[in-house]
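Protein chains in written order, with my numbering: chain V, 139 to 395; chain B, 139 to 395. Worksheet: one structure, shown below.
There are 2 protein chains.
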Amino acid sequence: MRGVLLELAYDGTAFHGWAAQSSARTVQDTLRGAILAIDPRASPLRGASRTDAGVHAEGQVAAFDTELDIPARGWALGLNKHLPDDIAVRGARAVPPAFAPRFAARSKRYRYRVLLDPVRDPYWHARAWRLPGIDVAAMVLEAEAALGTHDFAAFRSSRDERASTVRTLTRVEVGREADPRLISVIVEGNAFLYNMVRILVGTMCDVARRRLHPGAVARCIQAGDRRQAGTTAPAHGLVLEQIDLVLPEGAGHPWPR
Amino acid sequence: MRGVLLELAYDGTAFHGWAAQSSARTVQDTLRGAILAIDPRASPLRGASRTDAGVHAEGQVAAFDTELDIPARGWALGLNKHLPDDIAVRGARAVPPAFAPRFAARSKRYRYRVLLDPVRDPYWHARAWRLPGIDVAAMVLEAEAALGTHDFAAFRSSRDERASTVRTLTRVEVGREADPRLISVIVEGNAFLYNMVRILVGTMCDVARRRLHPGAVARCIQAGDRRQAGTTAPAHGLVLEQIDLVLPEGAGHPWPR
């Protein structure tokens with residue numbers, strides 16, 4: 139038995155998120171189908187991160203085990219032939235069997251895109267949250283408050299029931315993209331609560347559009363109360379850009395390169 | 139009777155091109171439907187440029203006539219409420235009735251995107267032609283040969299039957315985008331033959347991927363023979379970015395601004 143670790147990119151628009159569901163098209167089921175077409179006896183997939191419906195990914199990772207003696211490159215090329223256009227294997231490497239990316243994730247980086255354009259733009263429709271006329275400078279101040287180790291209890295969905303809500307954000311940056319109508323919020327941290335990035339960005343944006351008073355992020359961290367935090371920013375503006383893994387001993391060379 | 143001039147953006151992926159068809163979803167029919175929802179007696183649409191199935195637009199223009207006394211801004215906001223997410227009115231202004239953008243177009247600018255990534259990327263799948271490992275410098279030389287006034291008979295579809303095939307290209311530029319995996323070919327000119335940009339870019343790319351010898355564009359211009367030119371580059375890499383119009387006397391102020 140051997141393990142295969144995959145790096146994945148997908149356009150989340152037509153997927154009902156990562157996690158397998160009996161009645162809807164999901165990334166996990168679609169990828170699993172492609173794996174089973176090559177090895178009907180492959181293990182189930184172990185993903186690093188569950189993404190919501192509509193969320194995109196450039197650097198999702200997932201692993202599975204197989205008895206077949208196919209190199210990582212062969213899996214990547216083979217799977218890409220079986221996968222639809224909105225999902226691709228971007229990288230692969232051999233790992234020991236039963237390797238669980240979820241527990242090996244050292245940090246994750248997300249990007250949230252906001253479109254400042256006063257007019258609808260079909261090009262960005264499924265990839266950015268359109269909020270014209272917001273105060274971008276106000277977001278920068280909110281971002282600073284989120285940086286570091288805090289109790290993020292106010293920034294999680296009521297569906298999240300994990301015991302500890304303390305997390306560390308190592309990067310919360312607001313910046314303009316090459317297209318000046320776009321701003322990106324980059325959020326990087328060791329681990330995240332359910333909907334944490336979307337509620338954090340939504341709260342920052344609520345300050346920027348004057349629905350919440352400046353200092354909202356700091357106040358919510360202190361109060362620990364979800365009802366004080368802002369809107370959950372819509373899924374389609376979010377991209378899971380990268381996951382940093384602590385690789386196990388015995389991991390193979392990466393493909394490509 | 140008054141005329142309304144619209145500037146349009148659309149994601150061409152789910153449209154069978156601009157021109158109305160009885161059996162397929164087209165941009166012209168979709169826009170016409172939205173206009174008729176506001177004014178059932180509005181005139182047919184007069185577009186500036188027919189785009190093929192899969193081709194995108196940021197600056198398509200079209201005009202129609204109406205008896206309704208609605209300002210340009212009102213038309214833009216009203217139509218955007220009736221239009222689906224993959225098409226938007228980006229600008230509007232009043233023009234005299236019967237104004238025909240097609241005959242008022244002074245120049246058009248297109249952008250063709252090529253993705254150099256060796257691995258499939260779902261994000262760019264419907265927006266760039268993926269050609270890894272091509273010789274970008276070779277494209278720059280081909281681009282220079284296309285610049286200026288030439289007989290472009292070799293660079294038109296056999297379905298084009300216009301008498302004159304002499305056109306002037308004022309800009310043919312190959313450049314890297316902010317994402318270094320992407321190159322853009324910008325093509326600007328006074329008028330274009332059917333499929334001219336796609337055949338020109340396809341020929342440039344055929345040199346860059348060593349399917350044609352360097353100097354192919356210059357040789358094709360001289361020979362005037364479509365069979366010597368290269369591949370027709372796929373539609374989904376092409377964006378109609380801008381159309382410069384000679385505005386008629388009596389045109390109103392533009393919306394927005």
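Beta carbons are placed, not taken as given, at the ideal position from N, Cα and C, and that holds for glycine.
Residue range 165–176 is occupied by the alpha helix (DSSP H) that includes Thr168 (chain B). Scanning its chain for C-beta atoms nearer than 7 angstroms, with the 5 sequence neighbours on each side dropped, one finds around Asp190 (chain B) the residues Gly155, Ala373, in chain order. Just so you know, the alpha carbons of Asn328 (chain V) and Arg268 (chain B) end up roughly 34 angstroms apart.
Straight through space, the alpha carbons of Arg231 (chain V) and Pro392 (chain V) are spaced by roughly 5 angstroms. If you look at Ala214 (chain V), you'll find it in the alpha helix (DSSP H) that goes 210–220. Under the 8 angstroms Cβ criterion, the segment 269–276 of chain B does not count as touching the segment 291–306 of chain B, having fewer than three qualifying pairs. Comparing alpha-carbon positions, the option among V:Arg319, V:Thr204, V:Arg365 lying closest to Val257 (chain V) turns out to be V:Arg319. Considered as a whole, the segment 317–395 of chain B harbours 320–327, 376–383 as its complete beta strand (DSSP E) runs of no fewer than 3 residues, in chain order. Cβ-Cβ distances below 6 angstroms link Gly353 (chain B) to nothing in the same chain once the five nearest sequence neighbours on each side are left out.
Interface with chain B (7 angstroms Cβ-Cβ cutoff): Ile381 (chain V) is excluded. Under the three-state reduction of DSSP, Thr151 (chain B) is assigned to helix. Rounded to the nearest whole angstrom, the C-alpha separation of Leu144 (chain V) and Val355 (chain B) is 42 angstroms. Taken atom to atom, the span from the alpha-carbon of Ser181 (chain B) to that of Ala172 (chain B) is near 13 angstroms. Put simply, the backbone Cα of Asp203 (chain V) is about 15 angstroms away from that of Arg240 (chain V). For Ala195 (chain V), the pairing in a beta bridge is given by DSSP as V:Tyr148, V:Leu378. With fewer than 16 other beta carbons inside 10 angstroms of its own, Glu205 (chain B) counts as exposed. With a cutoff of 7 angstroms on beta-carbon distance, Ala346 (chain B) and Val310 (chain B) are scored as not near each other.
Annotated three-state conformation of Ala238 (chain V) is coil, per DSSP. One thing to note: Ile381 (chain V) has its Cβ within 7 angstroms of the Cβ of Lys246 (chain V). Contact between Ala210 (chain V) and Val142 (chain V) is confirmed by a C-beta separation of about 6 angstroms, below the 8 angstroms threshold. Cβ-Cβ separation between Arg305 (chain V) and Phe330 (chain V): approximately 6 angstroms, consistent with a contact (criterion under 8 angstroms). For the pair Ala147 (chain V) and Arg228 (chain V), the CB atoms are nearer than the 7 angstroms cut-off. Here the alpha carbon of Leu221 (chain B) sits roughly 42 angstroms from the alpha carbon of Asp363 (chain B). Look at the segment 233–266 of chain V: the residues with a C-beta under 8 angstroms from a C-beta of chain B are Pro256, Val257, Arg258, Asp259, Pro260, Tyr261, His263, Ala264. For Val252 (chain B), the three-state secondary structure derived from DSSP is strand.
Going by beta carbons, Val325 (chain V) and Tyr248 (chain V) fall inside the 7 angstroms limit.
Taking a Cβ-Cβ cut-off of 9 angstroms, Pro392 (chain V) has no neighbours in chain B, whose nearest Cβ is about 12 angstroms from it. Residues of the segment 212–227 of chain B with a C-beta less than 7 angstroms from any C-beta of chain V: Asn218, Asp223, Asp224, Ile225, Ala226, listed in chain order. Straight-line spacing of the CA atoms in Glu387 (chain V) and Lys219 (chain B) works out to 56 angstroms. For Leu279 (chain B), the uninterrupted alpha helix (DSSP H) segment begins and ends at 274–284.
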